[in-house]
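Going by UniProt numbering, the residue at position 35 of the first sequence is 35; the numbering climbs one at a time, nothing skipped.
What follows is a set of notes on a single structure, which appears directly below.
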Amino acid sequence: MRNAEARISSVGVYGITVAAELVGVGEQTLRLYERKGLLTPSRTAGGTRRYSDDDLVIVRRVLELLEVGVNLVGIRHVLELEAENRDLRAEVDKLSS
DNA sequence: CTTCTAACA
DNA sequence: TGTTAGCA
Numbered sequence: 001m002r003n004a005e006a007r008i009s010s011v012g013v014y015g016i017t018v019a020a021e022l023v024g025v026g027e028q029t030l031r032l033y034e035r036k037g038l039l040t041p042s043r044t045a046g047g048t049r050r051y052s053d054d055d056l057v058i059v060r061r062v063l064e065l066l067e068v069g070v071n072l073v074g075i076r077h078v079l080e081l082e083a084e085n086r087d088l089r090a091e092v093d094k095l096s097s
């Protein structure tokens, strides 16, 4: 089943230290990605960053694009296009059903 | 934990 | 340009 138990994407939250260790980058790097607009992690009332499982896959995509030679500004656009494409693909799926 | 500054490849 | 280290 595809309900809340199996599909945990934006619910699983991690601190910046554990999130950085899971993806293999430093904490400062994650803050830089957010500063550049690549990430938008949720925040607690105290201002602490909450990285969801969804955010982690984004960071991995960032690292993947970096190895290909895309800079952070370019990655930002790639991420936007991917999100837009994902939206359009979902609508096409709906129409072709 | 946060932001900022500075130095390095 | 991107990453890392140290300070407040």
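We treat Cβ as the ideally placed atom computed from N, Cα and C, and that holds for glycine.
In the DSSP assignment, find the unbroken alpha helix (DSSP H) run with residue i in it and report its ends.
{"i": "T17", "result": "I16 to V23"}
{"i": "T29", "result": "E27 to R35"}
Is the distance from the Cβ of residue i to the Cβ of residue j below 8 Å?
{"i": "V59", "j": "L81", "result": "no"}
{"i": "D53", "j": "G12", "result": "yes"}
{"i": "Y33", "j": "V73", "result": "no"}
Express the C-alpha separation of residue j and residue i in angstroms, rounding to a whole number.
{"i": "S9", "j": "S42", "result": "13 Å"}
{"i": "L65", "j": "N71", "result": "8 Å"}
{"i": "R76", "j": "E67", "result": "15 Å"}
{"i": "L95", "j": "K36", "result": "36 Å"}
I'd like the list of long-range same chain contacts for residue i, defined as Cβ closer than 7 Å, with 5 residues on each side in sequence excluded.
{"i": "A19", "result": "L30, Y51 and L56"}
{"i": "E27", "result": "I16, T17 and A20"}
Counting only the same chain and skipping the five closest in sequence on each side, list residues whose C-beta sits under 8 Å from that of residue i.
{"i": "L22", "result": "Y14 and L56"}
Could you please give the first and the last residue of the uninterrupted beta strand (DSSP E) stretch that includes residue i?
{"i": "S52", "result": "R49 to S52"}
Going by DSSP, name the residue or residues bridged to residue i.
{"i": "V68", "result": "DSSP, once it has assigned bridges, lists no residue as partnering V68."}
{"i": "R86", "result": "Beta-bridge pairing links R86 to no other residue."}
{"i": "V13", "result": "S52"}
{"i": "S42", "result": "R50"}
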